[in-house]
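S.K.:
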């Protein structure tokens, strides 16, 4: 098992380097077709996701790894429409369906139809609960814990933290916040002295932080959910307070601000979020399943972390108004599969 | 020409046949028991919703709350009907009765149905969110079994479409009360003068719409196995389009149950057809609209041809 995985990894590296044909897989998938079923394309994250899918799969098709990898987006963000789309894909004879679902449950019927017809279903980001499907989920709680752990390495003395939350009532907000609070419980040198909802938007975060700042003691660190770091920094600056250590969320404006601060006063922090390129990870996981690899039903997406050292590179490759992205390759998928076992 | 003008069912049948032939040409796999079922099974709840809308259009009203109502009944199906069948059935019954009451209210106070139902869509939507705040629930076993049954000769979707068309045809086109109901749309005053209680007839029409709305929600959950509060939002417009595509008209009580079912099948098929054509999603809604306009134009041309 270990040797075969090493061989596979070697094949993957050779392939992505463009050196070899990808025939070294355990199973040949060159005749197989994979479809992307996507429910929504109306924001920068989804646009980046579709772009990454196009680029990575075009390469995979050119290399002869699979015969086709077509992307379909429903014209309306509706579960019933996506269910019909999935059923159409079964009819079109795709061997695997990579799915970003409109609803975690309302597609289960169609997903079951696909499984029964022998089609592999890999869901990511918007995952489905049907047991026969594969899920590439995001461990949002871990994202929260990692922020506090990073702060613990930087601020050994601890101190007061400000928490910026997301959109109230949304599952993602609850999960990240839960992780942050777990992290604080494990690192009792920290105390959360204030919490505001930034709705993952810079302007909302700025207003909310500006509102709570006068009532707060000295804040040494800010834990965020992404899309709110830049607004938080602006609010601290406007209040004339020292800029604390703000954990960022990979948005271009946040990275831009970080680079400016670094150049001005050596500011150092960490940025982490989910890369839209997770679609390419799902593609490779589907390919691995088709190739006959043993893959657990539940996998976890790695975060895209940007550290001080990667900042310039990440900033240069992120279009204005967008979010930092990364394409995943075969060996990344194999790593994720290995981690889950 | 006069033949087409007289038999309004011919055009919907021809549109469906043409679209079906084109789909089979593009995707020969669809031409099988299994393929037909996949192509049409999600049309079953749409067909039932279209029949519900037809009941309202039959009495010259229009229902803008149907999508939200079907979403609500789907949520009730996935929660109460599964966990406590008796309470679930009672909720469904009271929903049908409230639809009937709505019809009576609209008639008694001479309210515009379009405004009342638009308002009710928020009530239904709110109730659905209240019952199922986050997507989930599960389908009752018997319902799932019913929707995945594999009858001999023809797949479930086709059999269900035929049964729905047959039952509603008998009810609306053949039975005495159906004729009177259509009369309400045609000439309410003369129906009233003939001694019928208009308020009861309207309540009956709305109650029937509620009944078919409940059936639509139940069959939808039988197919999807779970619900969410927004699951059927697009049924409002789909059902109106289905009625019109099937040869119905907004006023005059001129409706056709068989046509409505065929209209629902055609709309479902049109979406699949465009997907098989690999048309970009940005163009799909536009193309669906174009198909609709094309069929309606054909109808208008034939009717005018028949008149001269």
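Protein chains in written order, with the working numbering: chain A, 1 to 341; chain B, 1001 to 1308.
Positions of the beta carbon are idealized from the N, C-alpha and C atoms, including for glycine.
When the Cβ atoms of the segment 1018-1032 of chain B are set against those of the segment 1166-1175 of chain B, are three or more pairs found closer than 8 Å?
M.R.: The segment 1018-1032 of chain B is not in contact with the segment 1166-1175 of chain B.
S.K.: Can you find the residues in the same chain that come closer than 6 Å, C-beta to C-beta, to residue 122/A, ignoring five residues on each side of it along the sequence?
M.R.: The answer, listed in chain order, is 98, 134, 282, 285 and 286.
S.K.: Going along the segment 83-115 of chain A in order, which residues come within less than 8 Å of chain B, judged by CB to CB distance?
M.R.: So the list reads 83, 84, 85, 87, 88, 90, 91, 92, 93, 103, 104, 105, 106, 107, 108, 109, 110, 112 and 113, given in the order they occur along the chain.
S.K.: Which of the three DSSP states, helix, strand or coil, is assigned to residue 1062/B?
M.R.: Residue 1062/B: coil per DSSP, three-state reduction.
S.K.: Taking only the alpha-carbon atoms, compute the straight-line gap between residue 1040/B and residue 84/A and give it to the nearest angstrom.
M.R.: Between residue 1040/B and residue 84/A, the C-alpha separation is close to 9 Å.
S.K.: Quick check on residue 1007/B: does DSSP put it in helix, strand or coil?
M.R.: The answer is coil: DSSP assigns residue 1007/B none of H, G, I, E or B.
S.K.: In chain order, what residues of the segment 1255-1277 of chain B put their CB closer than 9 Å to some CB of chain A?
M.R.: Per Cβ criterion, the list reads 1268, 1271, 1272, 1274, 1275 and 1276.
S.K.: In terms of residue numbering, what span does the beta strand (DSSP E) encompassing residue 72/A cover?
M.R.: Per DSSP, residue 72/A belongs to the beta strand (DSSP E) from 68-73.
S.K.: Using a Cβ cut-off of 8 Å (strictly closer), state whether residue 1140/B contacts chain A.
M.R.: No, its Cβ sits nowhere closer than 8 Å to a Cβ of chain A.
S.K.: Would you list, in sequence order, the uninterrupted alpha helix (DSSP H) runs of no fewer than 4 residues that lie entirely inside the segment 95-153 of chain A?
M.R.: Complete alpha helix (DSSP H) runs here, min 4: 108-116.
S.K.: Report yes if the C-beta distance between residue 1050/B and residue 1227/B is below 8 Å; otherwise report no.
M.R.: Cβ atoms of residue 1050/B and residue 1227/B: not closer than 8 Å.
S.K.: Starting from residue 1114/B and walking both ways along the alpha helix (DSSP H), at which residues does that stretch end?
M.R.: Residue 1114/B -> alpha helix (DSSP H) spans 1113-1131.
S.K.: With a threshold of 16 other CB atoms inside 10 Å of the CB of residue 1255/B, please say whether the residue is buried or exposed.
M.R.: Residue 1255/B should be labelled buried.
S.K.: Pick from 1238/B, 1293/B, 1129/B and 1285/B: whose alpha carbon is nearest that of residue 75/A?
M.R.: Closest by alpha carbon: 1285/B.
S.K.: Quick one: what does DSSP say residue 190/A is sitting in, helix, strand or coil?
M.R.: Strand.
S.K.: Using a Cβ-Cβ distance cut-off of 8 Å, determine whether residue 1035/B contacts chain A.
M.R.: Output row for residue 1035/B: interface = yes.
S.K.: If we count the other Cβ atoms within 10 Å of its Cβ and call it buried at 16 or more, is residue 95/A buried or exposed?
M.R.: Result: buried.
S.K.: Consult DSSP for residue 1145/B and reduce its assignment to one of helix, strand or coil.
M.R.: Reduced to three states, the DSSP call for residue 1145/B is helix.
S.K.: Please decide whether residue 1164/B counts as near chain A, where near means a Cβ-Cβ distance under 8 Å.
M.R.: So no, residue 1164/B is outside the interface.
S.K.: Based on DSSP bridge pairs, tell me the residues matched to residue 165/A.
M.R.: Beta-bridge pairing links residue 165/A to 197/A.
S.K.: Let's test the definition: count the other Cβ atoms within 10 Å of the Cβ of residue 113/A and tell me whether it reaches 16, buried, or not, exposed.
M.R.: Buried.
S.K.: Would you say residue 1119/B lies against chain A (beta-carbon separation less than 8 Å)?
M.R.: It does not: the Cβ of residue 1119/B has no partner Cβ on chain A nearer than 8 Å.
S.K.: Pull up the CB-CB distance for residue 1132/B and residue 1260/B, whole angstroms please, since I reckon it's below 8 Å.
M.R.: Not quite, the Cβ-Cβ distance comes to about 29 Å (not below 8 Å), so this is no contact.
S.K.: Along the chain, which unbroken stretches of the alpha helix (DSSP H) at least 4 residues long are found entirely within the segment 1141-1209 of chain B?
M.R.: Taking only runs of at least 4 residues, the alpha helix (DSSP H) segments lying wholly in the segment 1141-1209 of chain B are 1141-1147, 1156-1169 and 1176-1193.
S.K.: Anything in the segment 1074-1097 of chain B with a Cβ closer than 7 Å to a Cβ of chain A? List those residues in chain order, please.
M.R.: Within the segment 1074-1097 of chain B, no residue has a Cβ that lies closer than 7 Å to any Cβ of chain A.
S.K.: Indicate whether residue 1168/B and residue 1045/B have their beta-carbon atoms separated by less than 8 Å.
M.R.: Not in contact: residue 1168/B and residue 1045/B (Cβ atoms no closer than 8 Å).
S.K.: Taking the beta carbon of residue 1086/B as the centre, do at least 16 other beta carbons fall within 10 Å, making it buried, or is it exposed?
M.R.: So residue 1086/B ends up on the exposed side.
S.K.: Applying a beta-carbon distance threshold of less than 8 Å, which residues of chain B neighbour residue 134/A?
M.R.: Going along chain B, no residue has its Cβ under 8 Å from residue 134/A, so there is no contact; the nearest lies around 18 Å.
S.K.: Taking only three categories from DSSP, how would you classify residue 219/A?
M.R.: Coil.
S.K.: Which of the residues in the segment 43-60 of chain A, read from start to end, lie with their CB under 7 Å from any CB of chain B?
M.R.: Answer set for the segment 43-60 of chain A: empty.
S.K.: Determine whether the beta carbon atoms of residue 1012/B and residue 1289/B lie at a separation below 8 Å.
M.R.: In this structure, residue 1289/B does not lie closer than 8 Å to residue 1012/B by Cβ.
S.K.: Hey, would you say residue 1064/B sits closer than 8 Å to residue 1114/B, going by beta carbons?
M.R.: Yes, Cβ-Cβ distance for residue 1064/B and residue 1114/B is below 8 Å.
S.K.: May I ask you to report which of helix, strand or coil DSSP gives residue 16/A?
M.R.: No answer about residue 16/A holds up, because its pLDDT of 42 lies below 50 and its placement is not dependable.
S.K.: Would you call the segment 179-197 of chain A and the segment 144-161 of chain A touching, i.e. three or more CB-CB distances under 8 Å?
M.R.: Touching, per the Cβ criterion.
S.K.: Quick one: what's got a C-beta closer than 7 Å to residue 1015/B's C-beta in the same chain, skipping five residues either side?
M.R.: 1266 and 1295.
S.K.: Please check the pair residue 150/A and residue 270/A, which I expect to be a contact at CB under 8 Å, by giving their CB distance rounded to whole angstroms.
M.R.: With 8 Å as the limit, residue 150/A and residue 270/A qualify as a contact, their Cβ atoms being about 5 Å apart.
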